[in-house]
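Take a look at the structure below.
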Amino acid sequence: MNEAEIYPAAIEIQLYAALLLKFFNQALEKRLRQHGEKISSLQHGILRMLQFETLTISEISQRLGLDPSTLVRAVDSLEQKDLARRGSDPNDRRRNPITITEKGNDLVTQVPIIFEQDPAFQALQTLGLEATIQLRDLLCQLVQEFPEGKTVVELISGQIPN
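Here this note's numbering = 1-based position in the sequence shown + 7.
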């Protein structure tokens, strides 16, 4: 396959990936609102990361591949809702580690990232286990082709329950 043949497929993959992300995020945000919290899927993702370790804005930025300025607003909002808390590092005044609060931990525990009634989950069930695993493996292979892909895949693999 040459470049001219791959290009249209690459555009379609980009569009389908964006749509899938939208469908997953809409379902998660709906469940969060039903639970009484109006936070974004990004903020939920930050809380999930903080469940495992204390991180700084810079560390979260590197892991998510987002500009720190985007994350500052998200973390500010989590702090205002008492879902996360900024601390201080006695050895480095510029470093402000962020931790999840008990309320934030309860929220992440009670509102899973995906639920069996989500349209995206049901669509995967329609595909069947074999096709779903094949799709996952292909996406994993694709992500690993990016410079930071292997690290991201390792992080993801370490945070997914069996």
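Glycine included, each C-beta is placed from N, C-alpha and C at the ideal position.
Every value quoted in this text rests on a predicted model; they were computed, and no experiment measured them.
Every unbroken stretch of the beta strand (DSSP E) spanning 3 or more residues and falling wholly within the stretch 32-120 is given here in chain order: 91-93 and 105-107. By the Cβ-count criterion, GLN124 is exposed, with fewer than 16 other Cβ atoms from all chains shown falling within 10 Å of its own Cβ. Annotation for PRO126: the continuous alpha helix (DSSP H) segment containing it runs 126-134. Counting only the Cα atoms, LEU39 lies some 23 angstroms from ILE64. Secondary structure at PRO15: helix, using DSSP grouped into helix, strand and coil. Straight-line measurement puts the Cα of ALA11 at about 50 angstroms from the Cα of GLN87. Within 10 angstroms of the beta-carbon of HIS51 lie 16 or more other beta-carbons, which makes it buried.
Spanning the alpha carbons of PRO104 and PHE122 requires a straight line of approximately 31 angstroms. Nearest to THR106 by alpha-carbon distance, out of ILE20, GLY43, LEU54 and PRO15, is LEU54. At the C-beta level, MET56 and ILE46 stay beyond 8 angstroms of one another. Comparing alpha-carbon positions, the option among GLU19, ALA17, GLN21 and ARG70 lying closest to GLU161 turns out to be ARG70. Collapsing the DSSP output to three states places GLU161 in a helix.
DSSP, reduced to helix, strand and coil, places PHE122 outside both helices and strands of the structure shown, so it counts as coil.
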